[in-house]
Structure formats: C-alpha cells, structure tokens
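Q: The structure's right below; bear with me while I get my questions together.
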Ligand SMILES: Cc1cc2nc3c(=O)[nH]c(=O)nc-3n(C[C@H](O)[C@H](O)[C@H](O)COP(=O)(O)OP(=O)(O)OC[C@H]3O[C@@H](n4cnc5c(N)ncnc54)[C@H](O)[C@@H]3O)c2cc1C
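In the numbering used here, the protein residues as written are 234 to 649.
Have a look at this one:
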C-alpha cells in the first residue's frame, strides 16, 4: 500500500465524515476498517429478516439542524417527519393504559426529561439519578428512557455530560435505513475493509500505523473508533500525546443498547389506534417496542443500560426471550405463534464496537471536555464521543469527523 497523507481508522459515520472532508480538499487519504462493511454503529440489516431494519442508529436526531438530512435528500434516502406520541402506548398492570392515562404518563416522563437539560447543567457534576426522582410512580419508565438515551444507568451517568447535548426535539426515522445512508455517503471513498489496526506509533513528523498485513506511514492519523475500543487496548499507542489522552477516555465509556427485531405474520399490533409503546412488566422490567408503518410485520424491541449488558452476557437467546416475553404480555400470548423470525443485535460483544455509545461517568464531565479539546497533534480523535453538543449520535460523529479532518489538514498544512 503506498503511503497516503492521512490514515483514517474506522469507516463509521465519523470516518466517513473525515474522508469526505479530505476528499473535498483533495488530500490523499485511506480509511482502514476492521470489519467487512462500512458504517460501524450505523448498520441497516437487509438480510436476516427479509425486511431492512437498522441495528444501530435509526433516527435523524436534531433533524432540523442535522447535517445528514442534506445528504439524505441528495442521495434519495427517505425519512418520516414523525410525531412519536401518536403511537406511544404504555402497557402496565396487565393492560394498555387508556388515552388519558397514556397522556398522563407522557406528561410525567417527558416533561422532567426535557427539563433535565437545565437542571443537569448546573454544578456539581452528579449522576442523573441525583437530579431526577426515580422513586415515583413513573420511576421505572423514566429509568428505562434515560437508559435508552444515555445507554448507561442513571446512577453512573454524569448529569452535566448528558446536558451537553443540544436537543432540538426534532427526530425523524430514516425509512430507507440510516446505515444504508452512511454506506451510500461512503461510495467512492478509498476504504480498505477487513483491515484492523493493531498499533499506532506517533512520531514527530510521521505516524506509523500497524495492520495485520504490514504497516502504513502517513503525515497524520485520525482515529474514530469507539471509546470502549480505545479503552480495550486493542490498539496499542506506543508514545506521544495521543497515548496520554487514553486516561481521559477511561472516564467516558460506552454503555449498552441492544435491539431485537421480530418478524410476525398478520398485524397483531394495532391496539386502540396506538401501535408501538413501552411494555412494563415490573418497575425495573420495561421493554420499548417500535412498530412502524414502513415495517410491515416487524416490531423492534429496545433494551439498554445494565439490563442490556446482563442479557448480552447470557447470550443472544436470553436477549430474544426477554423481548418475546414482553411482546407476549403486551399483545397476548397467541402472538408468539405468529413469530416467524427473530434477529438480535450484538453491539456489546462486537470487539470492534464493544458497547452502544458514550457517556461521561458521574463526576467526570471535565474528562469529557478535556478529551474533546485536547490537541494531540498528528494523531487526532473523532467520533460520537468527541462531539461536544451532539454526543452519542450519528450526525455528531459525522460532524466531528469533518471538523477534526479540517483542523488536522490546516494545522499540518496538508494540501492537494
Ligand atoms: C442500538 C443503537 C441505537 C442507536 N440509535 C441512534 C439513533 O437513532 N440516532 C443517532 O443519531 N444515533 C444512534 N446511535 C448512535 C450512533 O449509531 C453512533 O453514535 C454513531 O454511529 C457512531 O459513529 P462513529 O463513527 O463515532 O463510531 P463507529 O460507528 O463505531 O465507527 C468506528 C469504526 O471503527 C472500526 N474499528 C474499530 N476498531 C478498529 C481497528 N482496530 N481498526 C480499524 N477499524 C476499527 C469499527 O469497526 C467501526 O466501523 C445508536 C447506537 C446504537 C448502538
């Protein structure tokens, strides 16, 4: 392989964003990707169920300001300007709540979650569970929502880190697949698949990147792997300021978030006009189900936080059974006979991802800010965890890739 000016490690949304920025500037680069596909945590599964569904990101969050909406329009991806409360339902104490009960639950969960941004931004840097009352009637559901949004447990997640996210409360699902969109954005970029990086040696004027098939030398390297991959030691950083950054990353792990997609015959999901919703079997046993008009015969279960971690540790069958048990509670045990196929995700066990998305540990928001602001010279970092205002999202990852690539090119005076 001839030596490019820049090596980008990872072909997820951040790596693709970095590649597009360098391509626009005419700077030679290559993207080295460990897995056999582009997209990382953006992955539209088109094979396991016969209906394409997103194993990772699916919603264009902050859609009114999300830079990927332009890409979606340009590449003909389809999305829905959806209102989620139209279909939101709550199954609790043996049945679906009526419309008034549902509205009360919505008011009592979303209002405090939306207010979190203001409360949580204030010092000191405590956990989410310290700034939100999780002991009340809606405590179990609130906990579940916070787990889905941070991928950690509220006791562990920094409230101030969470509040960094600048939510515009506009979220649109990508009907044609978010993973598919990222893959199409990468078409034409020089990506080498099945090429895991084992080590990065940061010299003063060059960087040496070791792969299983030899090494590459470049003026700069942009690392876009998840914080759990950085924490795992799978990539050895032999020296330099990039290596020092790893101490900060230790405080910003990825949590856990798994989905189980279930294909059923017929349409058992229409309940009193509402379609998906949260099935709460017990205070700490909630599964969120997404039933979408554009996925005929498909329901997708969402499970996050330590529940997802524990189920992942027991294996895919345990994860599927957890979802199926809640499905049968919500839509009647007969629905089990209608199940045709089940497909679980495996983000926790994927060694090239190792979790869902990042959160700062309670008390550690300073580490998150410091790692984003650090100048690590010719080995720079990008990815969802390195986005100050859009952490944990695909558009945050993409924008961080673009911004970091621009900064590296300017700092090193890289030209076409
Ligand atoms: C279940 C789930 C649901 C989500 N839902 C949403 C949503 O609805 N909307 C939203 O905006 N976001 C969502 N997210 C978050 C979003 O998917 C991520 O924030 C984003 O895709 C991360 O992109 P990234 O480029 O930072 O990292 P990644 O996508 O992890 O990309 C890093 C790449 O590096 C590669 N890599 C790792 N190790 C090596 C190595 N040694 N050598 C070479 N390559 C390596 C990996 O294979 C990967 O392709 C969700 C995530 C999950 C898991």
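Glycine included, every Cβ here is placed at the ideal spot set by N, Cα and C.
Since we're looking at a predicted model, the values are computed, not measured.
Of all Cβ atoms in chain B, is any one closer than 8 angstroms to the Cβ of residue 550?
A: Looking for chain B here will not work: only one protein chain is present.
Q: Helix, strand or coil: how does DSSP classify residue 619 here?
A: Helix, per DSSP.
Q: Do residue 271 and residue 402 count as a contact pair if the criterion is CB distance below 8 angstroms?
A: Going by C-beta atoms, residue 402 is not nearer than 8 angstroms to residue 271.
Q: Flag residue 294 as yes when its Cβ comes closer than 7 angstroms to any non-hydrogen atom of ligand 1, and as no otherwise.
A: For ligand 1, at least one heavy atom lies less than 7 angstroms from the Cβ of residue 294.
Q: Quick check: residue 295 and residue 400, are their CB atoms within less than 8 angstroms of each other?
A: A contact, by the Cβ cut-off of 8 angstroms.
Q: Using CA atoms only, rank isn't needed, just tell me which of 451, 475 and 628 is closest to residue 238.
A: Out of 451, 475 and 628, 451 has the C-alpha closest to the C-alpha of residue 238.
Q: Using DSSP with H/G/I as helix, E/B as strand and the rest coil, what is residue 645?
A: Residue state, collapsed to three classes: coil.
Q: Give the straight-line distance between the Cα atoms of residue 267 and residue 274, rounded to the nearest whole angstrom.
A: Answer to the nearest angstrom: the Cα atoms are 13 angstroms apart.
Q: Rounded to whole angstroms, what's the CA-CA distance from residue 368 to residue 249? Just pull it up for me.
A: Whole-angstrom Cα-Cα distance: 43 angstroms.
Q: Specify the secondary structure class of residue 655 as computed by DSSP and reduced to three states.
A: No statement about residue 655 is possible, as the shown extent of the chain runs from 234 to 649 and does not include it.
Q: With DSSP collapsed to three states, give me the class of residue 314.
A: Reduced to three states, the DSSP call for residue 314 is coil.
Q: Just how far apart, CA to CA, sit residue 442 and residue 253?
A: Cα-Cα distance, rounded: 21 angstroms.
Q: Excluding the 5 residues preceding and the 5 following residue 439 in the sequence, name in chain order all residues of the same chain whose CB lies nearer than 6 angstroms to its CB.
A: Cβ within range, chain order: 450.
Q: Quick one: grab the DSSP three-state call for residue 631.
A: Note: residue 631 maps to helix in three-state DSSP.
Q: Can you give, in chain order, each stretch of the alpha helix (DSSP H) that sits fully within the stretch 524-602 and has at least 4 residues?
A: Counting only runs of 4 or more, we get 538-547, 549-564 and 568-571.
Q: Give a single yes or no on whether residue 247 has its beta carbon closer than 7 angstroms to a heavy atom of ligand 1.
A: At least one heavy atom of ligand 1 is nearer than 7 angstroms to the Cβ of residue 247, so yes.
Q: Which one or two residues does DSSP pair with residue 490 in a beta bridge?
A: 537, per the DSSP bridge assignment.
Q: Judging by CA-CA distance, which residue of 413, 261, 280 and 387 is the nearest neighbour of residue 311?
A: Minimum Cα distance to residue 311 is reached at 413.
Q: Looking at the unbroken alpha helix (DSSP H) that takes in residue 707, where does it start and where does it end?
A: One cannot answer for residue 707 here, as it falls past the ends of the chain, which runs 234 to 649.
Q: Looking only at its chain, what residues have a beta carbon closer than 8 angstroms to the beta carbon of residue 599, apart from the 5 residues adjacent to it on each side?
A: The residues are 358.
Q: Looking at C-alpha atoms only, which residue of 521, 462 and 615 is the closest neighbour of residue 379?
A: For residue 379, the nearest C-alpha among the options comes from 521.
Q: Can you find at least 3 beta carbon pairs, one from the stretch 536-543 and one from the stretch 384-399, that sit closer than 8 angstroms?
A: The stretch 536-543 is in contact with the stretch 384-399.
Q: Cβ-heavy atom distance between residue 440 and ligand 1 below 7 angstroms?
A: No.
Q: Output needed for residue 432: all residues of its chain with C-beta closer than 6 angstroms, excluding positions within five of it in sequence on either side, in chain order.
A: Counting only Cβ-Cβ distances below 6 angstroms, and skipping sequence neighbours, we find 443 and 469.
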